[in-house]
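In the order they appear, the protein sequences are chains H and C.
No gaps in the numbering here: position 74 of the first sequence is 70 in our numbering, and each next residue is one more.
No gaps in the numbering here: position 100 of the second sequence is 96 in our numbering, and each next residue is one more.
Following: one structure in structure tokens, then a few remarks.
Number of protein chains: 2
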Amino acid sequence: MSLRHAVLGLIAELDGASGYDLLKMFEISLGNVWPATQSQLYGELGKLTDAGLIEVVGEGPRGRKAYGITEAGRTELLRWITEVPVKPARRDDAMLRVFFLGQVDPAKAQEFLGGQAAVLRERTEQLKALEGAIDWDDDNLSVYGRLVMEYGRRFLAMRGEWYAWAAEEIAETEPARRAVSSPRT
Amino acid sequence: MSLRHAVLGLIAELDGASGYDLLKMFEISLGNVWPATQSQLYGELGKLTDAGLIEVVGEGPRGRKAYGITEAGRTELLRWITEVPVKPARRDDAMLRVFFLGQVDPAKAQEFLGGQAAVLRERTEQLKALEGAIDWDDDNLSVYGRLVMEYGRRFLAMRGEWYAWAAEEIAETEPARRAVSSPRT
DNA sequence: ATGCTCATGTAAGTCGTTACATGATTTC
DNA sequence: GAAATCATGTAACGACTTACATGAGCAT
Chain H
-3 MSLRHAVLGL IAELDGASGY DLLKMFEISL GNVWPATQSQ LYGELGKLTD
47 AGLIEVVGEG PRGRKAYGIT EAGRTELLRW ITEVPVKPAR RDDAMLRVFF
97 LGQVDPAKAQ EFLGGQAAVL RERTEQLKAL EGAIDWDDDN LSVYGRLVME
147 YGRRFLAMRG EWYAWAAEEI AETEPARRAV SSPRT
Chain C
-3 MSLRHAVLGL IAELDGASGY DLLKMFEISL GNVWPATQSQ LYGELGKLTD
47 AGLIEVVGEG PRGRKAYGIT EAGRTELLRW ITEVPVKPAR RDDAMLRVFF
97 LGQVDPAKAQ EFLGGQAAVL RERTEQLKAL EGAIDWDDDN LSVYGRLVME
147 YGRRFLAMRG EWYAWAAEEI AETEPARRAV SSPRT
């Protein structure tokens, strides 16, 4: 149920935003920790309105609806942040493949790790570019967004080091294993 | 579509395993990077069989079905590992909340960060316990499982450091911000 | 014979993705 | 006036979760 709170939180920060405005925020910033599609977003806005957590506070050109958070919404947001247990992120496509890397030959395995490391470097560049593109202010989203961005930086760095380490580890142990018996199951 | 490949990969590693056997593996090991429920698993086994990627290679007591990977399945597994682009894991419940931490008062924010750090320490203990409980062998799942486990260790450590850093960061900047204007939006 | 573990399956509902569909307003 | 952007919504399908349902075999 976190999309609900992602939307609720964004509306709390950006009072009077439209679905379209929120979508842009998901695309450039929030979406890095919680992606949402347009279709999901508009659906959620409807549900949040029905639940009385947000309300339409104004209308503009082209059918634009400006949303604001209600008292009930603010209460729910605070409750969620401070009281609802955090769900640890588990699914990791890359690590899932690493689990099965023994199924491919060592050269392909190394290629996989190298490729992932390259993807990581690219993403690091993108992060830097994003950091430069945002005009950092003193508001909440800037201050806390910067913290999250630093997390992203560290995450990518950590993963990069791990890829290098894992590649070395495999290079050291695989020749010995293959020498003993093959194929491996 | 990664659950499909998680199941396929497990069957490749554990030839002749039943749905029940696979479920145990998801619970103790694979589930840390790709969780699956019983209901999902049995459904996927049916679909994989229909698709000809796995087959029933034997039956046992209590309706037990032993599965094996087919040639088509092995081909598909290798293709997935080496050729299908990895989907980066994006959703992160904890970081989503950090984004909105400016909405709660600084004491609560610190409490949140401290709480998360504690959860992390607990998970680190669990990981150590798991590492001790598994009898590490020389087979694929052991060798590559160990690599993934080391990733988990580094991940938890990195996050722990980040929580400490973020707490300090907020402690330093929030008093100044609150002094200028409040409440913040 | 009672309870535990092994073993498989179905159903209902929510969440997420991709694609479709439409139209108003602004900008050049 | 053509193109880009703003703006909202729906439909279909697949993935995931939770709960329900059943029963065989094993151990004590």
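All C-beta atoms in this analysis are idealised placements derived from N, C-alpha and C, irrespective of residue type, glycine included.
For the alpha helix (DSSP H) containing residue i, list its first residue and its last residue.
i	result
residue 130 of chain H	Taken as a continuous stretch (DSSP letters only), residue 130 of chain H belongs to no alpha helix (DSSP H), as it is neither H nor E.
residue 10 of chain H	Counting along the chain, residue 10 of chain H falls outside any alpha helix (DSSP H), and DSSP gives it neither H nor E.
Using a cut-off of 9 Å between C-beta atoms, extract the partners of residue i located in chain C.
i	result
residue 22 of chain H	Within 9 Å Cβ-Cβ: nothing; residue 22 of chain H doesn't reach chain C, min ~11 Å.
residue 104 of chain H	74, 77, 78
residue 112 of chain H	82
residue 31 of chain H	86, 87
Show which residues of chain C have a CB atom less than 7 Å away from the CB atom of residue i.
i	result
residue 141 of chain H	95
residue 147 of chain H	91, 158
residue 85 of chain H	85, 87, 88, 89
residue 134 of chain H	173
residue 150 of chain H	154, 158
Which whole-angstrom value describes the C-beta separation of residue i and residue j, a residue pair presumed to lie in contact below a C-beta threshold of 8 Å?
i	j	result
residue 154 of chain H	residue 145 of chain C	No, residue 154 of chain H and residue 145 of chain C are not in contact; Cβ-Cβ is about 15 Å, not under 8 Å.
residue 40 of chain H	residue 0 of chain H	6 Å
residue 4 of chain C	residue 49 of chain C	6 Å
residue 47 of chain H	residue 30 of chain H	Going by Cβ atoms, the distance from residue 47 of chain H to residue 30 of chain H rounds to 19 Å, so no, they are not a contact pair.
residue 54 of chain H	residue 15 of chain H	In fact, because the Cβ distance is near 13 Å, the residues do not count as touching under 8 Å.
residue 98 of chain C	residue 139 of chain H	6 Å
residue 186 of chain C	residue 104 of chain H	Residue numbering for chain C in the displayed model covers -3 to 181; residue 186 of chain C lies beyond these limits and cannot be assessed.
residue 85 of chain C	residue 134 of chain H	That belief does not hold up - the Cβ atoms of residue 85 of chain C and residue 134 of chain H are roughly 31 Å apart, past 8 Å.
residue 52 of chain H	residue 112 of chain C	In fact, because the Cβ distance is near 35 Å, the residues do not count as touching under 8 Å.
residue 92 of chain C	residue 163 of chain C	Rounded, the Cβ-Cβ distance is 18 Å, inconsistent with contact.
residue 152 of chain C	residue 120 of chain C	5 Å
residue 63 of chain H	residue 7 of chain H	5 Å
residue 123 of chain H	residue 149 of chain H	6 Å
Residues of chain H with a CB under 8 Å from the CB of residue i: which are they?
i	result
residue 9 of chain C	96, 98, 99, 181
residue 187 of chain C	Residue 187 of chain C lies beyond the range of chain C shown here (-3 to 181); nothing can be said about it.
residue 169 of chain C	139
residue 165 of chain C	143
Cβ closer than 7 Å: which chain H residues qualify as neighbours of residue i?
i	result
residue 162 of chain C	143
residue 69 of chain C	The contacting residues do not exist; residue 69 of chain C stays about 11 Å from chain H at best.
residue 2 of chain C	92
residue 26 of chain C	95
Determine the chain H residues that contact residue i at a beta-carbon separation under 9 Å, and present them in chain order.
i	result
residue 5 of chain C	92, 93, 95, 96, 99
Can you pull the chain C neighbours of residue i, defined as C-beta to C-beta under 8 Å?
i	result
residue 45 of chain H	What residue 45 of chain H touches in chain C: nothing, since even the nearest Cβ is about 20 Å away.
Got a sec: does the ligand ATP put a non-hydrogen atom nearer than 7 Å to the Cβ of residue i?
i	result
residue 59 of chain H	The model on display carries no ligand, and the ligand ATP is accordingly not part of it.
If we require 4 or more residues per run, which alpha helix (DSSP H) segments fall completely within the region 13 to 70 of chain C? List check, alpha helix (DSSP H) in window: 15 to 24, 34 to 46.
Every unbroken beta strand (DSSP E) inside the region 87 to 116 of chain C [3 residues or more]: Counting whole runs of 3 or more residues, the region 87 to 116 of chain C contains no beta strand (DSSP E) stretch at all.
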